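K.L.:
Before I ask anything, let me first share the structure, which is written out below as structure tokens.
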Amino acid sequence: MYTKPVEIVEVSPRDGLQNEQIAVSTQDKLALIARAIDCGAQRIEVTSFVNPKAVPQMADADAVAAGLPQRDDVTYIGLVMNRRGADRALATGRIDQLGAVSVATDSFAMRNQGQTSDGSVEAAKEIIEAAKAAGKTAQATIAASFGCPFEGEVAEERIVAMATSIAEAGPVEIALADTIGVANPAHVASLISKIREAVPQLPVRIHLHNTRGTGLANVWAAIGAGAATIDASIGGLGGCPFAPGAAGNVATEDVQYMLERAGIDTGLELDALIETNRWLTGVMDKELPAMVGKAGGFPKPADKEEKDAA
Ligand code: ZN
């Protein structure tokens with residue numbers, strides 16, 4: 055059994071919203087961030103500093119950064135694809151950590167950020183250097199680590215080589231992203247083990263999409279293989295505009311429920327997450343994918359009495 059605490063990074067304000075058709079207001083994004091903090095989130099991916107023409111939902115990145123609550127106990131991540139994005143994020147003065155993205159295959163890297171896979175590794179290293187020079191931290195995520203929508207299978211050796219190269223720039227962690235939700239628990243465990251062997255000084259974060267229903271199983275496998283941190287999105291929203299068919303991230307409330315019931319501390323409050331799910335359902339005006347958001351947590355004796363009385 056695993057008993058060490060696991061960190062959950064809340065990604066709903068960025069990955070959760072970036073693929074949604076309805077325009078979510080800056081005010082609602084800031085309300086979501088404030089609610090995530092109230093739920094106990096201590097690291098939040100708040101926005102991405104990308105071309106607003108490519109990702110219109112993130113066009114208000116600067117306004118979101120400007121409106122962030124002043125909190126010493128919360129780390130705000132801004133996602134960036136290149137040096138220009140890094141400079142924009144750092145200029146806000148409100149972003150604590152830059153998140154760089156490298157892509158495992160050329161085809162996906164070209165569509166996602168207009169460069170080759172190798173080019174995306176170089177860009178990530180440049181972003182990490184820029185963050186460090188500005189007195190901030192940075193980490194890098196390797197997108198399509200478990201499979202590519204255009205090229206199919208991705209060799210583990212390729213991901214290990216990318217992580218090893220990125221590590222030279224001094225990120226605070228390496229993340230593996232199952233961008234299109236094709237991973238299975240055996241693959242997750244195998245790749246994390248290889249990354250931990252290759253760059254033992256770096257904690258591993260995992261970013262999972264539940265496109266094919268393997269999300270929670272993959273979370274469990276990732277923790278067993280030594281992942282320190284899980285990305286998750288309240289309500290299970292999420293998707294990538296450049297990955298056909300990508301569905302939502304693993305839902306924060308579902309991950310919290312599974313881990314806390316298994317005796318693993320996440321630092322998050324389930325009741326507050328479920329309440330935020332209800333609020334977000336209203337904002338998005340649709341049912342959200344999260345299961346625990348719908349079912350509620352483990353039955354409490356008070357619930358039983360209520361039902362008995364009814
Ligand atoms: Zn994602």
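Start counting the sequence shown at 55; every next residue gets the next number (the numbering used here). Ideal Cβ placement from N, Cα and C applies to all residues, glycine included. Quick caveat, the model's predicted, so the values are computed rather than measured.
By alpha-carbon positions, which one of 296, 252, 233 and 280 ends up nearest to residue 266?
P.N.:
233
K.L.:
Run through DSSP, which three-state label would residue 130 get?
P.N.:
strand
K.L.:
On the premise that residue 103 lies in contact with residue 153, defined as a C-beta separation below 8 angstroms, what is that separation, rounded to the nearest angstrom?
P.N.:
Their Cβ separation, rounded to whole angstroms, is 10 angstroms, which puts residue 153 and residue 103 out of contact at 8 angstroms.
K.L.:
Using only CA atoms, which one of 314, 185 and 166 lies nearest to residue 149?
P.N.:
185
K.L.:
To the nearest angstrom, how far is it from the Cα of residue 100 to the Cα of residue 67?
P.N.:
5 angstroms
K.L.:
Using the rule of at least 16 other Cβ atoms within 10 Å of the residue's Cβ for burial, across every protein chain shown, is residue 290 buried or exposed?
P.N.:
Answer is buried; the Cβ neighbour count reaches 16.
K.L.:
Sort out for me which residues DSSP pairs residue 287 with in a bridge.
P.N.:
305
K.L.:
Compare the C-alpha of residue 11 against each of 325, 151 and 113 and name the closest.
P.N.:
Residue numbering for the chain in the displayed model covers 55 to 364; residue 11 lies beyond these limits and cannot be assessed.
K.L.:
Is the CB-CB distance between residue 240 and residue 195 below 9 angstroms?
P.N.:
If you check the CB distance, residue 240 and residue 195 do not come in under 9 angstroms.
K.L.:
Go to residue 241, then tell me how far its alpha helix (DSSP H) extends in each direction, as first and last residue.
P.N.:
Per DSSP, residue 241 belongs to the alpha helix (DSSP H) from 239 to 252.
K.L.:
Does any heavy atom of the ligand ZN sit closer than 8 angstroms to the C-beta of residue 139?
P.N.:
False, no ligand heavy atom lies under 8 angstroms from that Cβ.
K.L.:
Around the C-beta of residue 61, are 16 or more other C-beta atoms found within 10 angstroms, so that it is buried, or is it exposed?
P.N.:
buried
K.L.:
Thinking just about the alpha-carbon of each residue, which of 110, 81 and 57 is nearest to the one in residue 73?
P.N.:
110
K.L.:
Apply the 10 Å Cβ neighbour rule to residue 354 and answer buried if 16 or more other Cβ atoms are within range, or exposed otherwise.
P.N.:
exposed
K.L.:
Please classify residue 343: is it buried, with 16 or more other beta-carbons within 10 angstroms of its beta-carbon, or exposed?
P.N.:
By the C-beta density criterion, residue 343 is buried, having at least 16 other C-beta atoms within 10 angstroms.
K.L.:
Tell me the DSSP secondary structure of residue 93 in three-state form.
P.N.:
helix
K.L.:
Let's see if you can read the secondary structure: which residues bound the alpha helix (DSSP H) around residue 139?
P.N.:
137 to 145
K.L.:
With burial defined as no fewer than 16 other Cβ atoms inside 10 Å of the residue's Cβ, what is the status of residue 203: buried or exposed?
P.N.:
By the 10 Å Cβ count, residue 203 comes out buried.
K.L.:
Kindly indicate the opening and closing residues of the beta strand (DSSP E) around residue 151.
P.N.:
151 to 157
K.L.:
Run through the segment 300 to 348 for me and flag every whole alpha helix (DSSP H) of 4 or more residues, listed as ranges in chain order.
P.N.:
306 to 315 and 324 to 338
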